[in-house]
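**Student:** Take this structure first; my questions come after.
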Amino acid sequence: MGVDRRLADRKGKEEAAAMEKSKSAKKSKRRQKKSPPMPTVVQRLFDTCKEIFANCGADVVPAPEDIERLRAILDVMKPEDVGLNPNLQYFHNVVSEGPPVITYLPLYECPKFSICIFCMPKSAVIPLHNHPGMTVFSKILFGSMHIKSYDWVNNPQNSNETVRNADGARLAKVITDDVFKVPCKTSILYPAAGGNMHRFTAVTSCAVLDVLGPPYTKSEGRDCAYYNDLPYLSSSGDAVLAAGEHERHAWLKERVGKPDDCFVLAAEYKGPKIVDH
């Protein structure tokens with residue numbers, strides 16, 4: 007009996023030691039596991055958009071601190087973050103007749119927001135258009151682009167109405183009229199301010215990434231309208247502007263249907279993937 011007890015004690019000690027060794031090995035393996043990879047820039051962009059637009063909708067602007075969070079990510083984005091470089095065919099897509107072909111790359115879209123890229127060869131133009139009820143972030147990834155933007159001028163007697171002329175055109179004030187070259191800050195427009203109607207003209211081949219919150223949705227009254235801008239002095243309408251203000255205003259006349267001076271071709275986005283957790 008005494009011998010059996012000693013054998014059992016020794017066996018128990020051996021088993022306990024083996025268990026401790028196994029635990030130590032498992033702890034060591036856990037320590038040796040690599041940290042999860044850092045999310046890509048485009049993934050961080052998506053995650054931030056998902057957070058800040060979660061409680062937004064048409065005519066609802068994200069909080070100022072959220073605007074700055076998203077702007078901070080966009081400001082440092084580079085072409086390689088979305089798999090682009092100036093040598094790609096997208097940026098040399100010039101046809102012998104007609105306007106240069108613009109390539110549209112959709113990265114993500116949901117009812118709350120969309121992320122896309124426009125790849126523009128030199129001299130390509132995205133005509134003057136609006137963004138009804140939207141907050142829009144535009145980041146030029148490379149190249150240089152001329153941006154001209156407008157906001158509506160409200161009637162002094164009724165701030166809910168815009169000023170119109172006899173032809174039905176509406177008075178608008180110039181907000182931006184300049185060439186932007188990388189590196190430059192992200193531009194932001196709002197539902198009723200910041201240049202809600204704008205036109206992009208590629209001075210050199212360039213790429214611009216847009217975040218729209220919410221995106222265009224015809225069924226909800228957020229269809230894209232295009233405009234011709236006419237000099238203010240072509241028609242005074244009901245507006246009376248102070249001397250020196252004429253050049254900063256224009257009449258915007260809505261165009262019928264989609265313009266035929268712009269050709270946009272959709273293509274597959276092939277940059278780093280976005281994972282919707």
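The numbering used here puts the first residue of the sequence shown at 7, with every later residue one more than the last.
Just so it is clear, CB atoms sit at the ideal spot from N, CA and C, and this is done for glycine as well.
Express the C-alpha separation of R261 and A231 in angstroms, rounding to a whole number.
**Tutor:** 7 angstroms
**Student:** Hey, I108 and V270: beta-carbon distance below 8 angstroms or not?
**Tutor:** yes
**Student:** Report the rounded CA-to-CA distance for C190 versus I153, giving the unit in angstroms.
**Tutor:** 13 angstroms
**Student:** Quick one: residues in its chain with C-beta nearer than 7 angstroms to the C-beta of C212, no 5 flanking neighbours on either side, listed in chain order?
**Tutor:** M126, I146, F148, G149, S150, M151
**Student:** Below 8 angstroms on the Cβ atoms is my contact criterion, and I expect A273 with L51 to pass it. Report the Cβ-Cβ distance as a whole number of Å.
**Tutor:** Not a contact, Cβ separation roughly 20 angstroms.
**Student:** Grab the span of the beta strand (DSSP E) containing D87 for me, first residue to last.
**Tutor:** No beta strand (DSSP E) contains D87, which DSSP labels as neither H nor E.
**Student:** On the DSSP letters alone, give me the boundaries of the alpha helix (DSSP H) that I79 sits inside.
**Tutor:** That run of the alpha helix (DSSP H) goes 70-81.
**Student:** Within 10 angstroms of its Cβ, does A172 collect 16 or more other Cβ (buried), or is it exposed?
**Tutor:** exposed
**Student:** Should G200 and F59 be called a contact, given that it needs their Cβ atoms to be closer than 8 angstroms?
**Tutor:** no
**Student:** Nearest-angstrom Cα distance between V48 and P105?
**Tutor:** 30 angstroms
**Student:** Could you compute how far the alpha carbon of A178 sits from the alpha carbon of Y233?
**Tutor:** 11 angstroms
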